[in-house]
Every structure is written in structure tokens, then in C-alpha cells.
Amino acid sequence: MKIRKARFSGSWYPESPDACEKEIQSFLKHEQTDHVKGKEFFGGIVPHAGWYFSGSIACNVIHCISQGKKPDVIVIFGMHLHPGSLPCLMTYGAWETPFGELEVETGLAEELAGKFRFQIETPEHFTPDNTIELQLPFVKYFFPDVKVLCMGVPPASLTLDIAKAVTEISAGLNLKIKVIGSTDLTHYGHNYGFTPKGTGTKALKWVKEENDRRLINTLISMNPIEIIKQGLENQNACCSGAAAAAAACAKILGAEHAHEIAYATSHDKHPSDSFVGYAGVVFE
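Numbering (our numbering), first residue to last: 547 to 830.
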């Protein structure tokens, strides 16, 4: 089987399995998920900065999702795409992680690729992408036997059609799935060309209490169309298509509620006038 090599291990997250496990266990010690313990989750929303900044949030979301019934496939939506971008998909092979490979669910991938026009990647030819790769060690750790379907989806109505098709094809193949949407929130500051509230304490407060909060509330409402709209209009989600797809799938799968389990910014770890917001949400 051909393997898609990891591109961010050893920099954005640890390269060795021992170091990864040590980090994961550290993240779990600081989890704040008592209010969602014992629930069954259909999926969630994770951030995708380096593990130093947002790994704890992503880890705890995926850990929550791993509780309860085990899926056959974890579907991960991600990638930084524009509304007019083609969705992106790898239909065969496996993804490298420190804990071993995650095999692509080829039957699901190929059937989906037959219904929509995708930019097809291969294990040898692909664009390095942190939004998906940084979740894979967590997925392999908490779901050691699962297969994956990883794709990039744009912030556009097409994405909602893809999400619906994913659930329908999975059901037709008798595959149980859970879903993950990968997005960071507001990218604020001169580094990102976005400073509507200037700099300093006032800007940080606006991002945390207003701009990011708008997006989180929309994620909790599980309104896919509004999630995309929020991201495009307020620049408070860099991958709103991915978040919308996960919410859409989760609703079809049976989710009726969403819970915020964590929020942070890069400013918490590295104070700067340029910073990024991160949230963890689970769909019940």
C-alpha cells in the first residue's frame, strides 16, 4: 500500500510515537469535558495550529468523539480553500502517523469521487496540509482500527451536497462514520491583514468576546449555511466549509445538540498583536 508521508511531524507535532503519546496524555490531564462525559457524539470541530498552541483542544474533541460506539470510518473535512476552489480528495493509499498508517476507505472515496468533480491527490502527489494532518495522530491513537476519508471542501453550497452524499454513500456501504471539521477561528493582526479594532487589549477582547463568539454560537446551532456565511463575512473561520460539512453530516447522522468544550487563542501561549482563535465543539 502506498503511504502519504507526514509533512509536519517533528515540527508542528512530535515525530516519535513515545513523544506523541506523552503529549496526548498531558493534554488529557487538562481536559475540561466533565459536562459532556457519557454522551454519544457524532463528530466535532477541531483547531489545526501546532500542538503547542491548539493540540490540547483538538485532542480532547477527538477523545470525546471516541467514547461510545466505534465507527468504521472517520471522515475529516479541512483545507484552506476559496469559495470557487475545487474540493480535494485522496481516494486510495494510507496516511502516515507516528502510531502507524491510517488507511483510506477506498470504496467510499471512489464512489464519492464519481459524484463530484474533485482535485484528486495521491500518496505521491499532494499539497502539504496541516488542517488534516495534525488530527491524524489523535485519530490513530483513539481509533486504532479505523479507516479514514479526508478531504478539503470549499466554503460554498457544493460542500453541503458533498456532506449529504458522504452520509448517503456510507449508509449504502453499511459503514458507520463519525466526522471531524478542522478550522481555526479569527486570524487577527497585521500578520494576517485584519485589524478592524486596531491592536492591543481592545482588539483581543473583541476577537474573544464578539467575533469568535459569533462563530462558536453558530457552530453550536449546527446551521451549516450560516457557518459558511459567518466565515466569509466576518473572517472568523479559516475553513468554514470544513466546519459546515461536519455540522451538516452530524445532523444527518442524528446529532441534535452541540457543546463547546474549549476555547483559547494563540495569545494565551505567545502574547502578540497578531493571534488566532481556537475552539473545540462536539456534536451529540
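From the three backbone atoms N, C-alpha and C, an ideal C-beta is built for every residue, glycine too.
>> Is the separation between the beta-carbon of GLU830 and that of HIS803 shorter than 8 Å?
In response: For the purposes of this step, residue 830 is identified with residue 284 of the sequence shown, where counting begins at 1. For the purposes of this step, residue 803 is identified with residue 257 of the sequence shown, where counting begins at 1. For GLU830 and HIS803, yes; Cβs fall inside 8 Å.
>> Since GLY653 and ARG550 should fall inside the 8 Å C-beta cutoff, what is the C-beta to C-beta distance between them, to a whole number of angstroms?
In response: On the sequence shown, residue 653 is found 107 positions in, with the first residue counted as 1. On the sequence shown, residue 550 is found 4 positions in, with the first residue counted as 1. That belief does not hold up - the Cβ atoms of GLY653 and ARG550 are roughly 18 Å apart, past 8 Å.
> Opposite SER728 in the DSSP bridges: which residues?
Replying inline: Taking the first residue of the sequence shown as 1, we reach residue 728 at position 182. DSSP, once it has assigned bridges, lists VAL592 as partnering SER728.
> Which one of GLY596, VAL725, THR643 and CYS566 has the shortest CA to CA distance from ILE608?
Replying inline: The residue given as residue 608 occupies position 62 in the sequence shown. That would be VAL725, whose Cα lies nearest to the Cα of ILE608.
> If we ignore side chains and look at the alpha-carbon of each, how far apart do VAL650 and LEU682 end up?
Replying inline: Numbered from its first residue, the sequence shown carries residue 650 at position 104. Numbered from its first residue, the sequence shown carries residue 682 at position 136. The alpha-carbon atoms of VAL650 and LEU682 are separated by roughly 12 Å.
>> Could you compute how far the alpha carbon of LEU761 sits from the alpha carbon of ASN782?
In response: Within the sequence shown, residue 761 is the residue found at index 215, counting from 1. Within the sequence shown, residue 782 is the residue found at index 236, counting from 1. Looking at the two C-alpha atoms, the distance is approximately 6 Å.
>> Pop quiz: VAL827 and LEU731 are said to be a contact at Cβ under 8 Å. What is the actual Cβ separation, rounded to whole angstroms?
In response: To locate residue 827, count along the sequence shown from 1; it is residue 281. To locate residue 731, count along the sequence shown from 1; it is residue 185. No, VAL827 and LEU731 are not in contact; Cβ-Cβ is about 11 Å, not under 8 Å.
> Taking the C-alpha atoms as reference points, what is the distance between PRO669 and GLY746?
Replying inline: Against the sequence shown, residue 669 aligns to sequence position 123. Against the sequence shown, residue 746 aligns to sequence position 200. Going from the Cα of PRO669 to the Cα of GLY746 covers about 44 Å.
> When burial is assigned at 16 or more other CB atoms within 10 Å of the CB, is ASN720 buried or exposed?
Replying inline: As a working note, residue 720 is residue 174 in the sequence shown. With fewer than 16 Cβ atoms within 10 Å of its Cβ, ASN720 is classed as exposed.
> What's the call for LYS797, buried or exposed, on a 16-neighbour Cβ count within 10 Å?
Replying inline: As a working note, residue 797 is residue 251 in the sequence shown. LYS797 comes out buried.
> Is there contact here, the stretch 628-643 with the stretch 690-703, by at least three beta-carbon pairs under 8 Å?
Replying inline: yes
> Which residues in the same chain as ARG553 place their Cβ atom closer than 6 Å to its Cβ, once the five residues preceding and following it in sequence are excluded?
Replying inline: Position 7 of the sequence shown holds residue 553. Answer for ARG553: PRO674, listed in chain order.
>> One question on the structure: do ILE788 and SER728 come within less than 8 Å of each other, judged by their Cβ atoms?
In response: Indexing the sequence shown from 1 puts residue 788 at position 242. Indexing the sequence shown from 1 puts residue 728 at position 182. Sequence check: residue 788 is Ala here, not Ile. Yes, these two residues count as a Cβ contact at 8 Å.
> DSSP beta-bridge partners for MET547?
Replying inline: The residue you call residue 547 lines up with position 1 of the sequence shown. Answer by DSSP bridge pairing: none, since MET547 is not bridged.
>> Quick test of your reading: PHE740 and TYR687, contact by CB under 8 Å. State the CB separation rounded to the nearest angstrom.
In response: Position 194 of the sequence shown, counting from 1, holds the residue named residue 740. Position 141 of the sequence shown, counting from 1, holds the residue named residue 687. Actually they do not touch by this definition, with Cβ atoms about 34 Å apart.
> Which residues share a DSSP beta bridge with ILE723?
Replying inline: Along the sequence shown, read from residue 1 onward, the residue named residue 723 stands at position 177. DSSP output for ILE723 lists VAL619 as bridge partner(s).
> Between GLU667, ILE611, GLY735 and LYS693, which lies nearest to PRO817 when the distance is taken from Cα to Cα?
Replying inline: Along the sequence shown, one-based indexing puts residue 817 at 271. Answer by Cα proximity: GLY735.
>> I'd like the span of the alpha helix (DSSP H) that includes VAL607, first residue to last.
In response: Indexing the sequence shown from 1 puts residue 607 at position 61. First-last of the alpha helix (DSSP H) with VAL607: 602-612.
> Which of the three DSSP states, helix, strand or coil, is assigned to THR741?
Replying inline: On the sequence shown, residue 741 is found 195 positions in, with the first residue counted as 1. Coil, per DSSP.
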